[in-house]
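Student:
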Amino acid sequence: DLTDEEKDIVVGMFIENKDKLETILREGMNHEHKVLVLTEPLCDLKTRKRIFRDIIAQYGSINGEPAQILMKPHPRDVLDYEKEFSQYIILDKKFPMEILNYIKDLKFDRVISVLTVTDAILFAKEKLFLGEDFMDRYEAPEIHRQNEQIY
325 DLTDEEKDIV VGMFIENKDK LETILREGMN HEHKVLVLTE PLCDLKTRKR
375 IFRDIIAQYG SINGEPAQIL MKPHPRDVLD YEKEFSQYII LDKKFPMEIL
425 NYIKDLKFDR VISVLTVTDA ILFAKEKLFL GEDFMDRYEA PEIHRQNEQI
475 Y
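Quick note: to get my numbering, add 324 to the position in the sequence shown (first position is 1).
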């Protein structure tokens, strides 16, 4: 196990603006509730924008109260989240999401993923895995259900 000081060093190695981010998480608008949306390089860009707008609209509040929304782009995701979702906090796509486990006292009310496995996330009260049934609303199932087609 790492000490708090060692965790802080690791976070600083991966997150360039660590102090600024920690301040926003502590004091920023709607900081009482936090929702993290994990993006993925799903489908075409237009559909992807719609997917993540819909996710935030449906799951972006906690018990009817607005939440601080953070988006963690997947490293291979090419959508410009800074431009398309400028009202939210966009994390750097280059660091592994698991690094957030090391930010002291960081807790998210909810982490939302479409297809990314969230087992390694320790900083969330609720982990919401939407899955392939969710994706069926946005594109033909045969596009993302390759494993089922093998059998």
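Where is the CB? At the ideal position from N, CA and C, for every residue including glycine. All values derive from a computational prediction rather than experimental measurement.
Under a Cβ-count criterion, where at least 16 other Cβ atoms within 10 Å of its own Cβ denotes burial, should M337 be classed as buried or exposed?
Tutor: Position 13 of the sequence shown, counting from 1, holds the residue named residue 337. That one is exposed.
Student: When you compare each of H398, P397, Q382 and P399 to A391 by their alpha carbons, which one comes out closest?
Tutor: Start at 1 with the first residue of the sequence shown, and residue 391 comes out as number 67. That would be Q382, whose Cα lies nearest to the Cα of A391.
Student: Can you check whether the C-beta of R469 is within less than 8 Å of a C-beta belonging to chain D?
Tutor: The structure shown contains no chain D; it is built from a single protein chain.
Student: Look up V402 in the DSSP assignment and say whether it is helix, strand or coil.
Tutor: For the purposes of this step, residue 402 is taken as residue 78 along the sequence shown, with counting starting at 1. Coil.
Student: Starting from the C-beta of A448, find all residues in its chain whose C-beta is less than 8 Å away, skip the five residues before and the five after it, and write them out in chain order.
Tutor: As a first step, residue 448 must be located in the sequence shown, where it is residue number 124. Cβ neighbours of A448 beyond the five flanking positions: L360, K431, F432, D433, R434, V435 and T442.
Student: Below 8 Å CB to CB, which residues in the same chain sit around K402 once its five sequence neighbours on both sides are set aside?
Tutor: Counted from its first residue, the sequence shown places residue 402 at position 78. Before going further, note that residue 402 is Val rather than Lys in the sequence given. Hits under 8 Å: P365 and L369.
Student: Could you say which of D343, D332, C367 and E346 lies nearest to I467 if we only look at CA atoms?
Tutor: Locating residue 467 in the sequence shown gives position 143, counting from the first residue. Comparing Cα positions, the closest option is C367.
Student: Tell me which same chain residues have a C-beta within less than 8 Å of the C-beta of E406, skipping the five on either side of it?
Tutor: As a working note, residue 406 is residue 82 in the sequence shown. For E406, where only same-chain residues beyond five positions count, the Cβ hits under 8 Å are I414.
Student: Helix or strand or just coil, what does DSSP make of K418?
Tutor: For this step, residue 418 is matched to residue 94 along the sequence shown. Note: K418 maps to coil in three-state DSSP.
Student: Over what stretch of residues does the alpha helix (DSSP H) that includes M459 continue unbroken?
Tutor: Locating residue 459 in the sequence shown gives position 135, counting from the first residue. For M459, the enclosing alpha helix (DSSP H) has its first and last residue at G455 to M459.
Student: Give the DSSP-derived three-state secondary structure of Q411 in the structure shown.
Tutor: In the sequence shown, the residue the question calls residue 411 occupies position 87. It is coil, neither helix nor strand.
Student: Would you please state the rounded distance, in angstroms, between the beta carbons of R377 and Y462? I believe it to be under 8 Å.
Tutor: In the sequence shown, residue 377 corresponds to position 53, counting from 1. In the sequence shown, residue 462 corresponds to position 138, counting from 1. Actually they do not touch by this definition, with Cβ atoms about 11 Å apart.
Student: For a test of the three-state rule: what should DSSP assign to D378, helix, strand or coil?
Tutor: As a position in the sequence shown, residue 378 is number 54, starting the count at 1. Reduced to three states, the DSSP call for D378 is helix.
Student: Smallest Cα separation from L424: which of E408, L439 and M395?
Tutor: One-based indexing of the sequence shown puts residue 424 at position 100. The shortest Cα separation from L424 among E408, L439 and M395 belongs to M395.
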